[in-house]
Every structure is written in C-alpha cells, then in structure tokens.
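> Dropping a structure here in structure tokens format, bear with me for questions.
In my numbering, the protein residues as written are 19 to 142.
Written out as structure tokens, the structure reads:
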C-alpha cells in the first residue's frame with residue numbers, strides 16, 4: 019500500500035467523500051518507520067506523499083507498527099485487528115492531535131483507513 023493508492027481508493031468512493039465533507043486538514047499516518055501525509059479537503063484526499071517533511075503541520079496523527087497495519091489491512095482481519103477502536107484498546111495505535119476531529123468524524127476515518135483492505139467475495 020502506498021499513500022497515492024490510498025488517495026485513489028478514497029477519492030473513488032463518492033459515499034466516503036460525502037461522509038467526510040466537513041473534514042479538512044493534514045493527516046499523518048505512521049506505518050512503522052514510514053510517514054504518510056494526506057491533505058484532506060472536504061473529504062477528498064487532495065495530495066498524498068511520503069515523509070519525512072520539514073516541519074509539517076498536521077491536525078491528526080495515526081501511528082502503529084507496520085505489522086499492526088498489515089494485520090488491520092487483511093481482507094478478514096483477526097479480532098483485535100479489525101477496527102481502529104480495537105487497535106486503540108489494545109494500545110497498538112496512537113491517535114494524536116485534534117482528537118475531537120477524529121471522534122466527531124469517526125466513521126469517515128474508520129472507512130478511510132480501511133480502504134486498503136481487499137474486497138471480500140461472499141461464498142455464494
């Protein structure tokens with residue numbers, strides 16, 4: 019997964035963009051030692067790039083190990099890896115910055131960060 023791919027996935031989902039229409043600002047996602055910076059404007063990811071950047075200003079930061087993100091992004095994540103709140107409860111995810119923004123738009127951020135998961139086909 020790359021920041022650019024996450025940008026494509028989010029912007030291709032009109033329901034998600036609509037859900038985030040009140041969300042704007044810079045968000046940093048730490049995937050282990052990698053830093054991803056997303057510039058979000060009214061729910062759309064306007065730019066996505068790797069860090070580190072010189073003195074970046076971000077409203078919100080999500081940080082977890084690469085192994086935790088990999089487990090979270092599995093098609094069918096195991097219990098404890100299936101939801102952002104589960105990662106927080108297990109203390110493997112840190113959310114820093116404007117926590118009010120995170121909590122008031124929780125569904126948007128959950129869906130945004132779940133976008134890298136492969137689609138699961140039902141056995142019909």
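A virtual CB, placed ideally from N, CA and C, is assigned to each residue, including glycine.
Any idea which residues DSSP pairs residue 115 with across the strands?
Per DSSP, 78.
> Round the Cβ separation of residue 55 and residue 74 to the nearest angstrom and send it over; I've been treating them as touching at under 8 Å.
Correct: roughly 6 Å between the Cβ atoms.
> Ignore the nearest five residues each way along the sequence and tell me which others in residue 136's own chain have a CB closer than 6 Å to its CB.
The answer, listed in chain order, is 93.
> DSSP has residue 127 in a bridge; who is on the other side?
In DSSP, residue 127 forms no bridge with anything.
> Under DSSP, the alpha helix (DSSP H) around residue 87 begins and ends at which residues?
Counting along the chain, the alpha helix (DSSP H) containing residue 87 begins and ends at 84 to 90.
> Quick one: residues in its chain with C-beta nearer than 7 Å to the C-beta of residue 50, no 5 flanking neighbours on either side, listed in chain order?
If we look at residue 50 and ignore the five residues flanking it on each side, its Cβ neighbours are 83, 84.
> Considering only heavy atoms of the ligand GDP, does any lie closer than 7 Å to the CB of residue 115?
The ligand GDP is not part of this structure, which contains no ligands at all.
> Under three-state DSSP, which class holds residue 56?
Here residue 56 sits in strand by DSSP.
> Which same chain residues end up closer than 6 Å to residue 87 when comparing Cβ atoms and leaving out the 5 residues on each side of it in sequence?
Here the set comprises 49.
> Once DSSP output is grouped into helix, strand and coil, what is the label at residue 42?
In this structure, residue 42 counts as coil in the three-state DSSP scheme.
> Starting from residue 66, follow the beta strand (DSSP E) in both directions and report where the run begins and ends.
First-last of the beta strand (DSSP E) with residue 66: 62 to 68.
> Return the Cβ separation of residue 45 and residue 77 in integer angstroms, given the expectation that the two are a contact with Cβ distance under 8 Å.
At roughly 7 Å, the Cβ-Cβ gap stays under 8 Å, so residue 45 and residue 77 are in contact.
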